[in-house]
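**Student:** In this text, residue positions in the sequence shown follow the numbering used here: the first is 5, and each later residue adds one.
Glycine included, every Cβ here is placed at the ideal spot set by N, Cα and C.
Got a structure here, written out as structure tokens. Questions coming.
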Amino acid sequence: MNKAELFQQIKRKSSFLCVGLDTDPSKIPSSLLKLQDPIFEFNKQIIDATADFAVAYKPNIAFYEALGPKGWESLQRTLDYIPNDIFTIADAKRGDIGNTSGLYAKAFFETMNFDSITVAPYMGVDSVQPFLEFKDKWVILLALTSNGGSSDFQLIESKSGKPLFHEVLEKSQVWGNADNMMYVVGATRGELIAEVRKIVPDHFFLVPGVGAQGGSLNEVAKYGMNASCGLLVNSSRGIIYAGKGDDFAEKARQEAEKLQKEMAVLLEEYCK
Ligand SMILES: O=C(O)c1cc(=O)[nH]c(=O)n1[C@@H]1O[C@H](COP(=O)(O)O)[C@@H](O)[C@H]1O
5 MNKAELFQQI KRKSSFLCVG LDTDPSKIPS SLLKLQDPIF EFNKQIIDAT ADFAVAYKPN
65 IAFYEALGPK GWESLQRTLD YIPNDIFTIA DAKRGDIGNT SGLYAKAFFE TMNFDSITVA
125 PYMGVDSVQP FLEFKDKWVI LLALTSNGGS SDFQLIESKS GKPLFHEVLE KSQVWGNADN
185 MMYVVGATRG ELIAEVRKIV PDHFFLVPGV GAQGGSLNEV AKYGMNASCG LLVNSSRGII
245 YAGKGDDFAE KARQEAEKLQ KEMAVLLEEY CK
């Protein structure tokens, strides 16, 4: 999917919501567990319930890998079920020496046909470049993550006197461009989001950390939005586990709709 198609969808749905499919067998209703593929059945109902409000889905690959071959099957079935006009993100956080990255790219872009993949930047240009060689596919590079440990490396002062995440942004933006690269910027980072936006004015950000991690949607929009929205805001647990029982899909729909309504107002205010 290209940037124009993504933006069209954002405008059509008045939403920049990404629903995270972090589907954990210990958290899904027990009534599903007797089915042949409970993970897919859960995801299918979540997708049916939220597709009107979501512009992207982000399965977190760890939740599927942990289940072995059956998990990979559930992942593929889930991906195939997501409507074609909705952006898909393989949250895999990959990156390795060039030939290995090339195979990760093939796995997620060709074998599985995801639109995008999250990639770690710290092995440098040759570990990221192979992902950028696929037409209409996207690298979503970790820039400023939402977790507490992000200050261990991302915020330390580099040789130039700037925090390391500045270096990552400055250097990496010439590896690709705003049509094939996005950046992960955590919603929990408040005003630092504005610093990121200053360095990369045109790129989309994938922003996790609202909902269960407590980040503020208003701050994200205030500091991060650009003229083509430029944001995909993810919520996983806050949506998919909003209900604990058999009403989980209805509860997920309500949560997704609530976020979409807030997003519609923010789009009006900041994305003209
Ligand atoms: O790359 C990510 O998606 C990611 C980066 C980051 O900085 N923080 C972060 O929470 N994530 C992912 O975003 C999702 C957040 O889930 P919830 O906290 O349940 O909404 C998880 O799948 C995380 O792995």
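Quick one: measure Cβ to Cβ for THR92 and ASP130, integer angstroms, because I've assumed they're closer than 8 angstroms.
**Tutor:** Taking the first residue of the sequence shown as position 1, residue 92 is located at position 88. Taking the first residue of the sequence shown as position 1, residue 130 is located at position 126. Rounded, the Cβ-Cβ distance is 26 angstroms, inconsistent with contact.
**Student:** By alpha-carbon positions, which one of SER78, GLU9, GLU266 ends up nearest to GLU45?
**Tutor:** Counting from 1 along the sequence shown, the entry for residue 45 is found at position 41. Comparing Cα-Cα distances from GLU45 to each of SER78, GLU9, GLU266, the minimum goes to SER78.
**Student:** So, for LEU221: in the same chain, excluding its five sequence neighbours on each side, which residues have a beta-carbon less than 8 angstroms away from its beta-carbon?
**Tutor:** As a position in the sequence shown, residue 221 is number 217, starting the count at 1. If we look at LEU221 and ignore the five residues flanking it on each side, its Cβ neighbours are ALA191, VAL214, VAL237, LEU263, GLU266, MET267, LEU270.
**Student:** Within the present structure, is the beta-carbon of ASN47 separated from the nearest heavy atom of ligand 1 by less than 6 angstroms?
**Tutor:** Residue numbering aside, residue 47 sits at position 43 when the sequence shown is read from its first letter. No.
**Student:** Within the structure, which residues are defined as neighbours of ligand 1 by a Cβ-heavy atom distance below 5 angstroms, reported in chain order?
**Tutor:** Spelled out in chain order, the answer is GLY24, ASP26, ASN64, ASP95, THR122, THR149, SER150, VAL188, GLY190, PRO212, GLY215, ALA216, GLN217, SER239, SER240, ARG241.
**Student:** Can you check DSSP and say which residues form a bridge with ASP95?
**Tutor:** Mapped onto the sequence shown, residue 95 falls at position 91. DSSP, once it has assigned bridges, lists ASN64 as partnering ASP95.
**Student:** Do TYR245 and ILE197 have their C-beta atoms closer together than 7 angstroms?
**Tutor:** Residue numbering aside, residue 245 sits at position 241 when the sequence shown is read from its first letter. Residue numbering aside, residue 197 sits at position 193 when the sequence shown is read from its first letter. No, these two residues do not count as a Cβ contact at 7 angstroms.
**Student:** Measuring alpha carbon to alpha carbon, tell me which of ALA109, PRO87, GLY102, THR104 ends up nearest ALA94.
**Tutor:** Here residue 94 corresponds to residue number 90 of the sequence shown, with the count starting at 1. Among ALA109, PRO87, GLY102, THR104, the Cα nearest to that of ALA94 belongs to ALA109.
**Student:** Would you report the Cα separation of LYS48 and LEU83, rounded to the nearest angstrom?
**Tutor:** Residue 48 sits at position 44 when you count from the first residue of the sequence shown. Residue 83 sits at position 79 when you count from the first residue of the sequence shown. The alpha-carbon atoms of LYS48 and LEU83 are separated by roughly 10 angstroms.
**Student:** How about VAL224 and LEU148: do their beta carbons lie closer than 7 angstroms?
**Tutor:** Translated into the one-based positions of the sequence shown, residue 224 becomes position 220. Translated into the one-based positions of the sequence shown, residue 148 becomes position 144. Their beta carbons are not under 7 angstroms apart, which means VAL224 does not touch LEU148 by this criterion.
**Student:** Using the Cβ count rule (16 or more neighbours within 10 Å means buried), how would you classify ASP140?
**Tutor:** Mapped onto the sequence shown, residue 140 falls at position 136. Label assigned to ASP140: exposed.
**Student:** Tell me, to the nearest whole angstrom, how far the beta carbon of PRO144 is from that of THR122; I am working on the premise that it is less than 8 angstroms.
**Tutor:** In the sequence shown, counting from the first residue as 1, residue 144 sits at position 140. In the sequence shown, counting from the first residue as 1, residue 122 sits at position 118. Looking at the sequence shown, residue 144 is not Pro but Ile. At roughly 5 angstroms, the Cβ-Cβ gap stays under 8 angstroms, so ILE144 and THR122 are in contact.
**Student:** Which residues does DSSP list as the beta-bridge partners of ASN238?
**Tutor:** As a first step, residue 238 is located in the sequence shown; it is residue number 234 there, counting from the start. For ASN238, the pairing in a beta bridge is given by DSSP as CYS22.
**Student:** Quick one: grab the DSSP three-state call for ALA32.
**Tutor:** Indexing the sequence shown from 1 puts residue 32 at position 28. Ala is not the amino acid found at residue 32; the sequence shown has Ile there. It is coil, neither helix nor strand.
**Student:** Just to confirm before moving on: does the CB-CB distance between VAL178 and PHE209 stay below 7 angstroms?
**Tutor:** For this step, residue 178 is matched to residue 174 along the sequence shown. For this step, residue 209 is matched to residue 205 along the sequence shown. No, these two residues do not count as a Cβ contact at 7 angstroms.
**Student:** Below 8 angstroms on the Cβ atoms is my contact criterion, and I expect GLY106 with VAL132 to pass it. Report the Cβ-Cβ distance as a whole number of Å.
**Tutor:** Translated into positions along the sequence shown, residue 106 becomes position 102. Translated into positions along the sequence shown, residue 132 becomes position 128. Wrong, their Cβ atoms sit about 11 angstroms apart, outside the cutoff.
**Student:** What do you get for GLY219, buried or exposed, if any count of 16 or more other CB atoms within 10 angstroms of its CB means buried?
**Tutor:** Position 215 of the sequence shown, counted from the first residue, corresponds to residue 219. Label assigned to GLY219: buried.
**Student:** Given a cut-off of 7 angstroms, decide if SER35 and ASP251 are closer than it, judged by their beta-carbon atoms.
**Tutor:** Counting from 1 along the sequence shown, the entry for residue 251 is found at position 247. Counting from 1 along the sequence shown, the entry for residue 35 is found at position 31. Going by C-beta atoms, ASP251 is not nearer than 7 angstroms to SER35.
**Student:** Can you tell me where the beta strand (DSSP E) holding TRP142 begins and where it ends?
**Tutor:** Against the sequence shown, residue 142 aligns to sequence position 138. First-last of the beta strand (DSSP E) with TRP142: 142-148.
**Student:** Closest by CA to PRO205, which one among LYS74, GLN217, GLY234, GLU171?
**Tutor:** As a working mapping, residue 205 is identified with position 201 in the sequence shown. Of the listed residues, the one whose Cα sits closest to PRO205 is GLY234.
**Student:** Going by DSSP, what residue range makes up the alpha helix (DSSP H) through SER164?
**Tutor:** Looking up residue 164 in the sequence shown gives position 160. Segment: none, SER164 is in no alpha helix (DSSP H) and carries neither H nor E.
**Student:** Would you mind working out which of ALA182, GLU174, GLN217 sits nearest GLY194, comparing C-alpha positions?
**Tutor:** Numbered from 1 along the sequence shown, position 190 holds the residue referred to as residue 194. Cα-wise, what sits closest to GLY194 is GLN217.
**Student:** Spell out the partners DSSP gives THR122 in its beta bridges.
**Tutor:** By 1-based counting over the sequence shown, the position of residue 122 is 118. DSSP, once it has assigned bridges, lists ILE144 as partnering THR122.
**Student:** Just mark TYR126 as buried or exposed, buried being the case when its beta carbon has 16 or more other beta carbons within 10 Å.
**Tutor:** As a working mapping, residue 126 is identified with position 122 in the sequence shown. Per the 10 Å Cβ criterion, exposed.
**Student:** Threshold first: 4 residues or longer. Then list the alpha helix (DSSP H) segments lying entirely within the stretch 149-205, N to C.
**Tutor:** 154-157, 168-176, 196-203
**Student:** Please go through the same chain and pick out, in chain order, the residues whose beta-carbon is closer than 7 angstroms to the beta-carbon of PHE138, but skip the five residues on each side of it.
**Tutor:** Locating residue 138 in the sequence shown gives position 134, where the first residue counts as 1. Contacts found: ALA109, PHE113.
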